């Protein structure tokens with residue numbers, strides 16, 4: 053019976069170090085771009101970068117499309133409804149239902165629906181002093197920065213051992 057090895061630095065392989073480094077670089081670039089644009093909730097950019105960063109560009113493209121479409125739908129619905137109804141739980145529930153049906157009709161998939169609901173929740177349910185349309189616009193820009201940086205880093209610095217092109221499995 054083999055003796056279990058203790059966790060240690062020697063267990064860190066090159067691929068793990070490279071993946072951690074490229075993700076950290078992408079997250080920092082996302083923060084810097086969002087801060088340069090003076091976005092009040094700049095932290096959404098690196099959060100989105102983490103969602104987008106995948107082992108292959110093909111996998112990242114699929115997540116990115118869903119993230120952008122879902123965020124746009126959720127931001128628009130959230131801003132419109134928050135402008136007219138405020139932070140109303142019943143209206144929020146109706147928005148989630150409608151967003152699910154819209155995503156299904158557009159055939160954009162369950163990931164886009166998930167992102168649309170998250171964005172609608174962020175726009176509608178978190179109290180802020182800014183108008184809902186401004187909050188929604190900032191959210192969309194922050195997410196777009198995260199997507200763009202994640203895709204650029206994935207394209208220019210693919211994961212070691214991963215094919216740089218589209219992934220046919222995605």
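In my numbering, the protein residues as written are 53 to 222.
We treat Cβ as the ideally placed atom computed from N, Cα and C, and that holds for glycine.
As the structure is a computational prediction, the values presented were derived from the model and not from experiment.
Rounded to whole angstroms, the Cβ separation of residue 188 and residue 128 is 7 Å, and the two are in contact under 8 Å. Residue 135 sits away from residue 177, with the two beta carbons spaced by 7 Å or more. For residue 83, the closest alpha carbon among the candidates 174, 195, 67 and 168 is that of 195.
Considering only 76, 162 and 191, the residue with the shortest C-alpha distance to residue 89 is 191. Short of 8 Å from the beta carbon of residue 150, and not among the five residues preceding or following it, lie these beta carbons of its own chain, in chain order: 129. DSSP places residue 178 outside both helix and strand once states are collapsed to three, so it counts as coil. Rounded to the nearest whole angstrom, the C-alpha separation of residue 109 and residue 210 is 7 Å. Between residue 100 and residue 204, the C-beta spacing is not below 7 Å. For residue 118, the enclosing alpha helix (DSSP H) starts and ends at 109-137. In this structure, the beta-carbon distance from residue 122 to residue 164 falls below 7 Å. In the three-state DSSP reduction, residue 98 falls in the helix class (H, G or I). Positions of the beta strand (DSSP E) runs, each at least 3 residues long and wholly inside the region 139-204, cannot be given because no such run exists.
Around the beta carbon of residue 186, fewer than 16 other beta carbons sit within 10 angstroms, so the residue counts as exposed. When 125, 182 and 184 are compared, the shortest CA-CA separation from residue 161 is found for 125.
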